[in-house]
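Going left to right, the sequence shown walks through residues 35 to 116 as our numbering numbers them. Below is one structure, written out as structure tokens; comments come after it.
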Amino acid sequence: MTKRPRAATLLAAGALAAAGLLSTGVGVGNADTIQTEGNYQTREACQNAGPGVKASTPGNWNNFWCVPDRNVNGNWKLVLSN
35 MTKRPRAATL LAAGALAAAG LLSTGVGVGN ADTIQTEGNY QTREACQNAG
85 PGVKASTPGN WNNFWCVPDR NVNGNWKLVL SN
């Protein structure tokens with residue numbers, strides 16, 4: 035068994051790491067999102083409501099996050115994704 039040069043090993047490891055980082059967004063990029071109705075006066079209120087929100091649109095909406103409301107300054111909107 036021959037020993038590989040250290041540079042070749044590092045190059046191969048770097049290529050694998052780069053490929054992993056580039057492919058990470060593939061699953062996230064294909065996720066659907068849906069914005070819920072209503073808004074929340076604080077981010078904390080939005081996050082507290084998130085786990086109990088049910089979508090009327092079919093789908094496995096198992097993730098949520100809160101984003102600033104563009105129309106009402108200081109309020110937050112809840113967004114669901116699958």
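Virtual Cβ for every residue (Gly too), placed ideally from N, Cα, C.
| Item | Value |
| --- | --- |
| Which listed residue (69, 40 and 112) has its alpha carbon closest to that of residue 91 | 69 |
| Three-state secondary structure (DSSP) of residue 69 | strand |
| DSSP-derived helix/strand/coil call for residue 102 | strand |
| DSSP bridge partner residues for residue 110 (one or two, in chain order) | 74 and 102 |
| Per DSSP, the bridge partner or partners of residue 97 | 115 |
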